[in-house]
Amino acid sequence: MREVVVISGKGGTGKTSLTAAFAHLAENKVVCDLDVDAPDLHLLLDPTVTRTEEFISGHEAVIDPEKCTGCGICASMCRYDAIDAVDGVYRVDPLRCEGCKVCVAFCPVEAIDFPARHCGQWYMSETRFGPMVHAQLFPGQENSGLLVSRLKKEARAFAEAKGLDLILCDGAPGIGCPVIASLSQTDLAVVVTEPTPSGVHDLERVASLCGHFRTKVAVVVNKYDLNPDQTHRIEALCREKGYTLAALLPHDTIVTEAMVRRLAVTELENTDFGRLTREAWATITALLNA
Amino acid sequence: MIVAVASGKGGTGKTTVTASLAVTWSRPVLAVDLDVEEPNLHLFLKPEITSTEVVPLEVPVVDESKCTYCRKCSELCQFKAISVMGQVIMTFPEMCHGCGGCMAICPEGAIGVGTRELGVMEQGMSRETIPCLTGRLRVGEAMSPPLMRFVRGRMRAQAAQTGSDVIIDAPPGVSCPAMSAVADSDVIILVTEPTPFGFHDFKLAWEAFSPFEKPMTVIINRAGLGDDRVYGFCAEHNLPILAEIPYRREIAEHYSKGLILAELAEDLSERFAKVGQEVRRLASEVSHA
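Encoded structure:
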């Protein structure tokens with residue numbers, strides 16, 4: 001079984017549109033949306049949810065105002081500035097609370113509860129392209145990395161049980177916690193970029209992150225014709241670092257047209273963009289099996 | 291006055307808007323890049339860097355000669371960053387959230403302070419008039435919130451000291467990094483595009499930021515592309531659309547050269563100056579309410 005994750009560093013380069021097309025083209029796979037913070041893949045795949053699970057992770061501190069004596073030890077020890085007093089009553093800001101338990105441990109009158117935190121939901125679904133695992137983190141929640149790891153674990157168990165060959169994942173932007181979690185045990189990272197200063201800068205950072213985890217990198221340049229100089233820079237970077245340049249895709253409004261119609265771009269017939277995307281997937285498949 | 295430029299979906303034009311507002315702002319302004327995972331604002335404002343500071347996180351270092359293996363530290367740690375097995379104590383600094391609990395709870399004073407590098411904070415000056423602050427997460431570091439806290443602290447101190455306004459380029463998404471980037475602001479600008487993905491994530495961002503009860507405004511980028519549902523949503527929820535940036539290849543090419551949108555044409559520069567005025571007006575309404 002192989003695992004592929006589509007990432008980008010910079011947001012909005014076309015990760016999800018490309019993942020949807022790959023989901024259309026790949027066989028015998030489970031699709032997984034690891035952008036648990038702002039997931040979009042379901043908008044194109046239109047999943048029917050067959051199973052919903054709550055995602056409970058970590059804890060949060062809650063001060064009982066009846067028991068609190070207002071000594072302020074909790075606020076003085078909190079490194080996250082999560083505890084404030086309003087008119088002598090101490091309160092934890094759940095958005096800032098890191099769930100470290102320090103205030104709970106040091107409260108002299110045991111006035112602080114530490115309930116489990118309900119951070120989101122995850123789902124098993126069926127789509128026209130096969131099974132899908134996805135999630136929604138609640139707004140402002142932490143632990144997105146743990147939810148990503150959870151989804152990957154569920155996708156792996158499902159793929160093993162059903163004898164599937166591939167886990168195809170749509171990743172999150174950035175290089176932080178959820179992206180690091182998405183790279184674990186991944187065979188190939190497909191990095192989607194664009195020929196702009198931001199695209200190149202962010203590609204360098206996210207591809208170097210893949211290097212940390214010894215994950216193989218394939219690069220797709222979207223809108224390559226927007227700026228030939230920047231595209232040459234990306235090509236040179238790929239040669240220098242040993243990344244496979246999997247495809248150059250043109251700037252084409254057909255991607256948005258497909259999105260508005262809730263289709264993968266390869267579902268539209270006889271388009272240049274669709275043909276190039278099929279070629280890209282063939283290159284990626286060859287790389288996976290190499 | 292602090293304005294945060296946020297979006298939900300990545301790549302909708304946050305940095306384009308932030309840079310354009312910064313160069314057309316009519317008062318002294320500090321430009322802050324809080325997208326510490328992938329900071330891009332400097333690629334457009336091109337500040338001359340005047341200082342680079344390493345931002346550390348405090349992690350435990352155990353003095354084994356004092357440790358009695360009582361396990362109080364490992365029982366408190368919620369992040370599996372310190373562990374005691376028999377007569378062996380181990381730390382996992384990359385797991386540590388820097389809460390300081392182990393150091394405080396150790397009855398023997400056996401846990402001292404070490405550091406892990408989160409990344410750096412760069413200070414610089416763009417066009418001799420726009421001071422810039424950038425957080426840059428170290429590649430391989432998972433935790434952006436503590437680095438963001440450091441940059442936000444410096445940002446508030448500088449704004450208080452100089453009396454300047456602040457424009458924040460926020461990270462995408464609606465989880466903790468995005469929320470902490472908008473938490474300090476007086477006004478939020480949501481940048482979106484009229485596509486199904488743009489609209490979906492715009493709604494997520496609106497929902498996530500609504501509990502802050504700050505005025506939210508909208509800039510629609512790539513207007514004319516996709517569909518028009520975002521307009522109906524803004525009308526229904528009284529979200530003022532401050533500007534629309536048309537979908538034109540010329541604009542995308544200008545951006546791909548590292549140039550600032552407000553400087554592409556006179557009318558765009560005037561448009562962003564007006565957005566700035568409107569944002570300051572909204573902020574002053576709030577502060578006088």
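Chains A and B, in that order, give the protein sequences.
With the first letter of the first sequence counted as 1, position 191 gets the number 191 in the numbering used here; the numbers rise by one all the way through.
Take the position in the second sequence, starting the count at 1, then add 290; the result is the number in the numbering used here.
Note that CB positions come from ideal geometry on N, CA and C, so glycine has one too.
- PRO329 of chain B counts as buried, since no fewer than 16 other beta carbons sit within 10 angstroms of its beta carbon.
- Inside the segment 405–456 of chain B, DSSP marks whole beta strand (DSSP E) runs of 3 or more residues at positions 420–427, from first to last along the chain.
- In the structure shown, MET375 of chain B falls within a strand segment according to DSSP collapsed to helix, strand and coil.
- Beta-bridge annotation (DSSP): TYR123 of chain A is paired with A:THR52 and A:HIS134.
- The secondary-structure analysis by DSSP pairs MET506 of chain B across a beta bridge with B:ILE478.
- Per DSSP, PRO530 of chain B lies in no alpha helix (DSSP H) segment and is marked neither H nor E.
- Look at the segment 410–423 of chain B: it has no residue with a C-beta under 9 Å from a C-beta of chain A.
- Around the beta carbon of HIS118 of chain A, fewer than 16 other beta carbons lie within 10 angstroms, which makes this residue exposed.
- Residue-level contact check: MET77 of chain A touches chain B, since one or more beta carbons of chain B fall below 9 Å from its beta carbon.
- Here DSSP, grouped into helix, strand and coil, assigns HIS251 of chain A to coil.
- MET291 of chain B carries a coil assignment under DSSP once its states are collapsed to helix, strand and coil.
- Between the alpha carbons of CYS392 of chain B and PHE106 of chain A lies a distance of about 12 Å.
- With fewer than 16 other Cβ atoms inside 10 Å of its own Cβ, ASN270 of chain A counts as exposed.
- In the DSSP assignment, ARG2 of chain A falls within the beta strand (DSSP E) that extends over 2–7.
- Put simply, the CB of ASN528 of chain B is far from chain A, with every gap to its CB atoms at 9 Å or more.
- Straight through space, the alpha carbons of GLU365 of chain B and TYR521 of chain B are spaced by roughly 52 Å.
- Cβ neighbours of LEU311 of chain B within its own chain (closer than 7 Å, five residues either side excluded): ILE457, PHE562, VAL565 and GLY566.
- The three-state secondary structure of CYS367 of chain B, taken from DSSP, is coil.
- Beta-bridge partners assigned by DSSP to ASP113 of chain A: A:VAL62.
- ARG205 of chain A has its alpha-carbon roughly 16 Å from the corresponding atom of LEU324 of chain B.
- Taking a cut-off of 8 Å for Cβ pairs, the segment 149–158 of chain A and the segment 23–32 of chain A touch, as three or more such pairs fall below it.
- Distance from the Cα of PRO173 of chain A is smallest, within the candidate group B:SER297, B:THR424 and B:ARG439, for B:SER297.
- When the five nearest sequence neighbours on each side are left out, the beta carbons in the same chain lying within less than 6 Å of the beta carbon of ASP353 of chain B are those of ALA400, in order along the chain.
- Close CB contacts of ARG406 of chain B within its chain, under the 6 Å cut and outside five residues either way in sequence, are with LEU347, VAL349 and PRO383 (chain order).
- For MET375 of chain B, the number of other beta carbons within 10 angstroms of its own is below 16, and it is reported as exposed.
- Along the segment 189–213 of chain A, the positions whose C-beta sits under 7 Å from a C-beta of chain B are PRO195, THR196, PRO197, SER198, HIS201, ASP202, ARG205, SER208, LEU209 and HIS212, read in chain order.
- Between the segment 249–265 of chain A and the segment 494–501 of chain B, the count of Cβ pairs shorter than 8 Å is below three; the stretches do not touch.
- For the set A:PRO197, A:ALA116, A:THR231 and A:GLU66, the Cα lying nearest the Cα of VAL109 of chain A is the one of A:GLU66.
- When Cβ-Cβ separations below 9 Å define contact, SER310 of chain B makes no contact with chain A.
- Secondary-structure assignment with DSSP links GLU348 of chain B through a beta bridge to B:THR405.
- For THR405 of chain B, the nearest beta carbon of chain A is not closer than 9 Å to its own beta carbon.
- Rounded to whole angstroms, the Cβ separation of THR13 of chain A and GLY301 of chain B is 6 Å, and the two are in contact under 8 Å.
- A residue is called buried when at least 16 other Cβ atoms come within 10 angstroms of its Cβ; HIS527 of chain B does not meet this threshold and is exposed.
- Buried is the label assigned to LYS10 of chain A, since at least 16 other Cβ atoms lie within 10 Å of its Cβ.
- LEU95 of chain A and THR193 of chain A have their C-alpha atoms spaced approximately 32 Å apart.
- Closest option to SER355 of chain B, judged by alpha-carbon separation, among B:PRO461, B:GLN377 and B:ALA432: B:GLN377.
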